[in-house]
Amino acid sequence: MRYFLSVILAFCSSLCAAQVWEDQRIFGAAEATQQLRILSSTDTSFLVPVIDAFLEDRPNLKIEYLVHGTSTIDLLYRQNPGDFDLVISSAMDLQLKLVNDGFGKQVDDIDLPKSAKWRDTLFAFTKEPAAIVLNRAAFPNGDLPKTRQDLITALRNQPDVFKDKIATYDVRTSGLGYLFATQDARSSETFWRLMEVMGGLGTRLYCCSGQMIDGLVLGDIAVAYNVLGSYAEARAKTEPALAVILPSDFPTTMMRTIFASDAAQTNLEAEAFIRFLIEQQRDDGRNITGLPSVMSFGTQQSIPLNPALLSYLDALKRRTFIEAWENALVQ
Amino acid sequence: MAERPQISGSLFKRLTAILIFGSMLLSIVLFFVVREFAARIAQAGQDSILEASVSSIIDAAVIRDGRVEVDFPYASFSMLDTDQNDRVFYAIRQDGQLLSGYKVIPQTDRLRTDSAFFETRILAQSKFRIASAQRVLIGSQRSTTVSVYVAQTQDSLSQTLKQISLNVGALCLVFFTFTAILSYIAALATVRPLSRLASSVQRRSGEDLRPFKQPVPSEMVPLVSSLNSLMNRLDQTLTRSEDFIAEAAHRVRTPLATVRSYAETTLQRVTKSENRNALKAMMRAVDESSRAAGQLLDHAMITFRADHLDKQQVDLSGIVEDLATSLAPIAEMKDLKIVLRTDGPVHVEGDPILLQNAFRNVLDNALKYAPFETEVTIQVTDSPRPTVTISDLGAGFPNDEIQALTKRFRRGKNAKNSIGSGLGLTIAQDVALAHGGSVALTNGKSGGACVTFYL
C-alpha cells in the first residue's frame, strides 16, 4: 500500500515537474553519470561554445541547459533550489536577491573586479547595455534618434507611422524589463515622458528581447525600447534593416550573472564551470560567448551590484511602480 | 681571600622580571581595552547607518487612498553596501502585519518612534544586526502604525575588527618591546650605583679606610653610612694596635736593658768564678729575651704594617748603609768586617721602617752565624731589578731545610747554640711579599748563607 502510494506520488511529482521550457538541451554523453543542470535566461546559442569546451575533458559529465524568462527562473529556482546547479540570469536584482537570501554558494578566488562580483557568490560575466532598436524603414531620411528625447520627438512628430508599431518589455512579466525600467526611472524623468508618449501610440508589450527583434525584422515593429543591445547587435550582423542605438543621454547597462546553487549536490563541477566561464570570458579578444565581457564599454558603469537592487523588488515599491507604469503605458 | 657570601637571587634579575612581567600584563590589557573600544566604535558606525536606512524608509511611509504606501528611496539600501557585501534583510509592517520584506525578522515590542532600537540576532543561520523603529500615520478614518526593520550581517564589521585586532596586536607588541627594553635599562640603572660602590670598595688599597664621599642614591645611604662607620671603627682599632705594639716594645725592652746593664756592672765587681758564670748566663738569657721580644714585636708590627703599607720613595743603599753603621759595634765584637757594595742610590717604592727591619733581622742573623774574623757582604744592585743580597761565610743553610726556614718560629738544625726566635727570615719574607717581591735563600759555592731580597 505504502509502495503503491509512493509510486503514485513519484509519478505525480514527475508530471507536475514537467515544465515547459523556452529551450531545453542536453550536452555531453548520454551515459555520463554526473549531470549539471543550468537554469538560464540566456539564449542557448551564446552558451554552446562554453559548454562544449567545458565538457571536452569531462567525459563523465553531461549538462542540461534549461532556458526561461528571468521572472520564471526566479520563481522556479525558489521552489526547488536543489534541482538546479547553476543559475544564469540577466536580471541582476533577482539574482542578487537570491544570493542575499542565502541560496548561493561561495566560490573563492574568482579573478574579477570587486564591482563584478557580490559576496564571492554572484559573478558577472557580461556587460550589456539596453538599446533602442529601430527598423531603418521607419526612418526614410536616415535621421535616427540618438537619445530618448530624440525618440520622444520622433514619435510625437509622426504618430501615424509609429501607431501600434512600438515595442518594449512587459515589466510585469519580465524581470530584466522591470530592472531596465526601474533603473531608467531612477535616472531621469525622461523615462516617464517616453512611457506616456509610447502609451499614447499603443505600445506592444513583450516578454523577451528575441521576440521584439523578430518583430523588427519582420517589419511589424518600427521601434523597440530597452532591447538587449547584445542580442540586437548579433542579429544586426545579418539583418541590415536593424539599427541598434545605445542612447547617449544616459546608458542603462546590466551585467549577466551566474551563481552556484548551495542546495545542489554537484557543487564541485558547478564551481569548476563558473571558473571556466569567467576565465574564458575575461577579455574582449577571446570572450567565448560572443557577449561583451565585464571589462568592455570602458569606464561606463553598469547598474552596481549592491543591496540597493533589492529596493524595487520590494512589494510596496513594485506595486507603486507598476501602477505608475500601467497608468503611463497601458491606457 | 674573604669568604664568599651566600647568594639569594639577583636584584637585577628580580627587578627586570617584575618590570617585564608588568609591561607584558599592561600590553595585554591595552590590547583588549583598545580592541573593545574599537569594536564599540565599529558597531556604532554600523548602527548609525542602519538607523539612517530605517528612518529613510519610515519617512517615506504615507497613507494614500486609505492605503499605506512606502516608496522609499534607492539610497535606503545602497547606503548599506559594504566592503564585504553584507546581506540585507528588512521588513515593513503595518500594525504588526507584514506589508513587505522578510518575515524571518521577528517583531519586537521595544519599538520607539524617536530613535531606532538595535539588537543582534541569528536569522537564517547568520548573525544579523537589526535596527527598527516605528511611526504613527494619521489617516482620515483611523491612525495606523508602520514599523520598519532593517537587518544586516556583520561580515564587514568582523573583517574590520580582525584588521583592528591585527593592528592593535602589532601596536601592543611594539609597546611591549619598547617597555621591555626600558625595563632592562631601568633595572640596569638601579643596580649600577651598587656595583659602582662595590668596585670602588674593591679598588681601594687595604690601608685606605677613609669614608666614602661620592654621592649615592638615598636608598643606599644606610649601607654606605654603616660601611663608613665600620671603617672608622676599624681605623681606630688599627691605630690603637700600632700604639699598643710601640708601647709594648718600649715597656719590655727598657726593663730588660736595665737588667742587663745591672748584670754587666755587677759582673765587673764579682770575682768569684761561679758567680761570674751565673751572671754571664743571666746576661745571655736577658739578651735572648730582649732579642726575641724585639723580633716578636717586629713581626707583629710587620703583620699590621703589611696591610697598612706606608709607601714612599726610599733609597735601598742608604738604608743598608745606615744599618751597617748601626750594627758595626756588634760586628766588631766578633771581629767581623761588614763589606758594602752598592751601585749608588737604588730607589724603590716601599715602607722604609719595614725594609730596614727586614734587612736588620737578616744582617743580625749573618753576624750571629758568621765565624770570627770573616766578612759579611751586603750587595745592593739596581738591575735587572732592585736586589739586596746579604751573605756570610758561615755554615750556610742546611740543604734539606732551605725551603722551610721562612716559616714562623722555624730555626735551622745547626742553630741550636745561638740565641734566636726563628722569626728573622719570616720577617724578611713577609716584608718582601708585602712589597710585591720575594726572598731567596741560597748557599754560597764555598759555603756560607746567602739571603737575596728581590723587590
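Protein chains in written order, with the working numbering: chain A, -7 to 323; chain B, 59 to 513. Using N, Cα and C, we set each Cβ at its ideal position, and we do this for glycine too.
- By the criterion of a C-beta distance shorter than 7 Å, Leu156(B) is surrounded in its chain by Ala149, once the five residues flanking it on both sides are discounted.
- Selection Leu114(A), Arg50(A), Leu210(A), Gln11(A) evaluated against Leu90(A) yields Leu114(A) as nearest (Cα-Cα).
- Residues Phe362 of the same chain have their beta carbon placed closer than 8 Å to that of Ser299(B), with the five preceding and five following residues left out of the count.
- Rounded to whole angstroms, the gap between the alpha carbons of Arg399(B) and Ser347(B) is 33 Å.
- Under DSSP, Gln370(B) shares a beta bridge with Gly408(B).
- When secondary structure is reduced to three states using DSSP, Pro121(A) falls in the strand class.
- A straight-line Cα-Cα distance of about 6 Å links Leu283(A) and Ser222(A).
- Counting other Cβ atoms within 10 Å of its Cβ, Arg187(B) reaches 16 or more and is therefore classed as buried.
- Residue-level contact by beta carbon fails for Trp317(A) and chain B, as no gap is shorter than 9 Å.
- Taken atom to atom, the span from the alpha-carbon of Phe95(A) to that of Pro73(A) is near 7 Å.
- Taking C-beta atoms as the reference points, Phe147(B) and Leu108(B) fail to come closer than 9 Å.
- If you check each beta-carbon in the region 73 to 94 of chain B against every beta-carbon of chain A, none falls closer than 8 Å.
- Inter-residue distance for Glu231(A) and Val42(A) is about 26 Å (C-alpha atoms, whole angstroms).
- For Thr202(B), the enclosing beta strand (DSSP E) covers residues 201 to 211.
- Across the structure, Asp35(A) and Val12(A) are spaced so that their CA atoms are roughly 16 Å apart.
- Under the Cβ criterion (8 Å, minimum of three pairs), the region 95 to 111 of chain A does not count as touching the region 182 to 202 of chain A.
- Leu69(B) places its beta carbon 9 Å or farther from that of Tyr242(B).
- Rounded to the nearest whole angstrom, the C-alpha separation of Trp317(A) and Leu234(A) is 27 Å.
- In the structure shown, Asp167(B) falls within a coil segment according to DSSP collapsed to helix, strand and coil.
- The C-alpha of Gln293(A) is placed about 39 Å away from the C-alpha of Thr171(B).
- Residue pairing from DSSP places Ser190(B) in a beta bridge opposite Phe175(B), Tyr207(B).
- Spatial neighbours of Lys161(B) in its own chain (CB-CB distance under 8 Å, excluding positions within 5 residues in sequence) are listed in chain order as Ala149.
- Among the CB atoms of chain B, one or more fall inside 9 Å of the CB of Trp110(A).
- DSSP, reduced to helix, strand and coil, places Trp13(A) outside both helices and strands of the structure shown, so it counts as coil.
- With a cutoff of 9 Å on beta-carbon distance, Gln370(B) and Pro410(B) are scored as near each other.
- Contact annotation: Arg248(A) and Glu120(A) have beta-carbon atoms nearer than 9 Å.
- In this structure, the beta-carbon distance from Leu292(B) to Leu267(B) falls below 9 Å.
- Beyond the five residues adjoining it in sequence on each side, Leu381(B) comes within less than 7 Å, by CB distance, of Gln414, Phe417, Arg418, Leu421 in the same chain, given in chain order.
- Out of Val120(B), Ala96(B), Gly159(B), the CA that lies nearest to the CA of Ala307(A) is found in Gly159(B).
- Note on His308(B): under 16 other CB atoms within 10 angstroms of its CB, so exposed under the neighbour-count rule.
- Contact annotation, Val112(B) with Ala119(B): C-beta distance approximately 11 Å; criterion of less than 8 Å not satisfied.
- Of all C-beta pairs linking the region 234 to 244 of chain A to the region 121 to 130 of chain A, three or more are shorter than 8 Å, placing the two stretches in contact.
- For Phe313(A), the enclosing alpha helix (DSSP H) covers residues 307 to 321.
- When Cβ-Cβ separations below 9 Å define contact, Ser303(A) makes contact with chain B.
- Under the three-state reduction of DSSP, Leu31(A) is assigned to strand.
- In this structure Asn279(A) is buried. Its beta-carbon is surrounded by 16 or more other beta-carbon atoms within 10 angstroms.
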